[in-house]
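If you're matching positions, the sequence shown starts at 1201 in this note's numbering and goes up one per residue.
Just so it is clear, CB atoms sit at the ideal spot from N, CA and C, and this is done for glycine as well.
Working notes, structure below.
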Amino acid sequence: MQRCPWCEGFDLYRHYHDTEWGVPLRDDRALFELLILEGAQAGLSWSTVLKKREHYRQAFDAFDPARIARYDDKKVHALLNDPGIIRNKLKISAAIINAKAYLALTRDGQTFSDFLWQFVRHKPLQNHRESPSDVPAKTPESDAMSKALQKLGFKFVGSTICYAFMQASGMVNDHLVSCHRHLPVTRLA
């Protein structure tokens, strides 16, 4: 079975590739979780975050934005001392700031999903990449998403992070055409 080369190395990574990566995701809370985790990944590999994801869900109250928005100095201190997550003060602070921005956005009646999916006109972009070198680090769509999120106050949402988020959440299908998941993910659109 042929896969995108980036996921080879360990079973958890292959399982993530085969079952989650690129599958269109429209649930607000799941999208919020993914955005926070993509930000946590900045400067690291996704495999590092993936290995810690279950613990992140516990440490960050199942990524409930209302709870995260209320985190105080005591909670931040506890997170900074939690070896089960990436202990970076800026990334932890960004999660709190992003939870507040998320709540402000949804308070106006818009869903987080609708806001994010507008950057691909609410339909996954179907790419036909033949090699890893064909996959860009960012696109005009990720540039637009990044600027819009930053305007709302979100942090750790640069264009490269946004493009990785778009790939993972199925907004774009960047499975290589030789990958066994390319066609099934295309059909999910």
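Q) For SER1331, which of LEU1352, GLY1309, VAL1377 has the nearest alpha-carbon? A) By one-based count along the sequence shown, residue 1331 stands at place 131. The shortest C-alpha separation from SER1331 is found at VAL1377.
Q. Which residue's Cα is closest to the Cα of MET1366: PHE1210, LEU1235, ASP1218, HIS1380?
A. Reading the sequence shown from its first residue, position 166 is the one you call residue 1366. Of the listed residues, the one whose Cα sits closest to MET1366 is LEU1235.
Q.
Applying the 10 Å Cβ sphere with the 16-neighbour rule, what's the burial state of PRO1324?
A. For the purposes of this step, residue 1324 is taken as the residue at position 124 of the sequence shown. PRO1324 should be labelled buried.
(Q) As a quick exercise: from PHE1356, ALA1294, VAL1385, CYS1207, pick the residue whose alpha carbon is nearest that of SER1247. (A) Numbered from its first residue, the sequence shown carries residue 1247 at position 47. Nearest Cα to SER1247 within the set PHE1356, ALA1294, VAL1385, CYS1207: CYS1207.
Q: Could you tell me the boundaries of the alpha helix (DSSP H) in which THR1386 lies?
A: On the sequence shown, position 186 is the one that residue 1386 refers to. THR1386 -> alpha helix (DSSP H) spans 1382-1388.
Q.
In the DSSP output, which residue or residues are listed as bridge partners for ASN1373?
A. To locate residue 1373, count along the sequence shown from 1; it is residue 173. The beta-bridge partner set that DSSP reports for ASN1373 consists of GLN1326.
Q: With a 10 Å radius around its C-beta and 16 neighbouring C-beta atoms as the bar for buried, classify PHE1260 as buried or exposed.
A: Reading the sequence shown from its first residue, position 60 is the one you call residue 1260. That one is buried.
Q. Anyone know if the C-beta pair for SER1369 and SER1342 falls short of 8 angstroms?
A. Reading the sequence shown from its first residue, position 169 is the one you call residue 1369. Reading the sequence shown from its first residue, position 142 is the one you call residue 1342. At the C-beta level, SER1369 and SER1342 stay beyond 8 angstroms of one another.
Q) Apart from the five residues on each side of it in sequence, which residues of its chain come closer than 7 angstroms, Cβ to Cβ, to HIS1380? A) One-based indexing of the sequence shown puts residue 1380 at position 180. Hits under 7 angstroms: MET1201, GLN1202, ARG1203.
Q. With a CB to CB cut of under 7 angstroms and the five nearest residues on each side skipped, what residues in its chain are close to ARG1229?
A. Along the sequence shown, read from residue 1 onward, the residue named residue 1229 stands at position 29. The residues PHE1263, in chain order, have a CB closer than 7 angstroms to that of ARG1229 in the same chain once the five nearest residues on each side in sequence are set aside.
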